[in-house]
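Quick note on this note's numbering: the sequence shown kicks off at 2 and runs consecutively. Even for Gly, the Cβ is constructed at its ideal location relative to N, Cα and C.
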Amino acid sequence: MNKTVTSKEEILDKSREIIAEKGVSAINMRTVAAQCGIAVGSLYNYFASKSELMSAAVEAVWKDIFQVGTCLENCEDILEYMKTLLEAVKNSRDRYPQFFSMHALHFTTGEKPEGRRVMEKYFLELKVQMISLLEQDKQIRAGAFTDKMTPEIFVNYIFKLFLAVLLENQEEEIFLEFIKNYLYEIK
């Protein structure tokens, strides 16, 4: 018998377990309440709607995968940062099978604006960290950034490539080589 869950964090832990086992689409008030050992009505004390629960659960998964603050603290440049993000995704694929493709399909259709907002919020945090690393990196070749190719434009471009690598299982090494060749002097 499951221990009765009594906090928002415990509910999100159970929600992540459901996502890991059954996917994002399995998140609903009844399933989560049953997994937590509480009544559906009690779940509404923590989350006002299924949409709010879904958004919080997806955000909990993103936090678990990327651990944004930790990732930035451990990286000296954007290349290392991207390697760390790719490694985090690789390590999470076993815990959350098909999360990236199913999450993207589920929320980018426009039917789930709150889930999309959470995804975009997390992506924005990653992009801000990428820009910060670019601005601090003294090894970037002169002329890499111009009025037309700003650090922000570069980050938006490579972030789209990063998502393609995740969703389409593209070659990670080619992606990293592209970043390295654009930013740094080839020796």
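- In the three-state reduction of the DSSP assignment, R142 falls in the coil class.
- In this structure, the beta-carbon distance from A58 to S16 falls below 7 Å.
- When C-beta atoms of the stretch 180-188 are compared with those of the stretch 78-87, three or more pairs fall below 8 Å, so the two segments count as touching.
- For Y97, the closest of L125, W63 and C76 by C-alpha to C-alpha distance is W63.
- Taking C-beta separations shorter than 7 Å and ignoring five residues to either side along the sequence, the partners of T32 in its chain run I19, following chain order.
- In this structure L13 does not touch M30 by the C-beta definition: roughly 14 Å separates them, more than the 8 Å allowed.
- The Cβ atoms of E173 and V166 lie closer than 7 Å to each other.
- Collapsing the DSSP output to three states places A40 in coil.
- Taken through DSSP and simplified to helix, strand or coil, Y47 comes out as coil.
- Boundaries cannot be given for I187, as no alpha helix (DSSP H) includes it and DSSP labels it neither H nor E.
- The Cβ-Cβ distance between F146 and L162 does not fall below 7 Å.
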